[in-house]
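For reference, the structure is listed below as structure tokens.
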């Protein structure tokens, strides 16, 4: 996994925090953290979206969100 080879911290977001996500992402304490979308975009070097395209998710990332990114 990427985080193991490069000592990465994984940030994730979603409608609500799910502690089981940290385990499923291979996280040890402190290496996986739930944050809000703005924090995720500001702090991440790599962003990967994993969500179905629906009316609710369409437009999740727009011009405003891109401005937050590094």
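Numbering (my numbering), first residue to last: 174 to 243.
Don't be surprised by glycine CBs; every beta carbon is placed ideally from N, CA and C.
Since the structure is predicted, the reported quantities are computational estimates derived from the model, not experimental observations.
Residue nearest to residue i in terms of C-alpha spacing, selected from the options
i: residue 211; options: 204, 220 and 227; result: 220
i: residue 192; options: 183, 206 and 180; result: 206
i: residue 224; options: 232, 209 and 180; result: 232
i: residue 208; options: 186, 229 and 228; result: 186
Residue range of the unbroken beta strand (DSSP E) whose run includes residue i
i: residue 206; result: 205-207
i: residue 184; result: 183-185
CB of residue i within 8 Å of CB of residue j, strictly
i: residue 218; j: residue 243; result: yes
i: residue 234; j: residue 226; result: no
i: residue 238; j: residue 214; result: yes
Enclosing alpha helix (DSSP H) for residue i [first to last residue]
i: residue 214; result: 210-216
i: residue 243; result: No alpha helix (DSSP H) holds residue 243; DSSP gives it neither H nor E.
Residues near residue i in its chain [Cβ-Cβ closer than 7 Å; skip 5 each side]
i: residue 241; result: 211, 214 and 215
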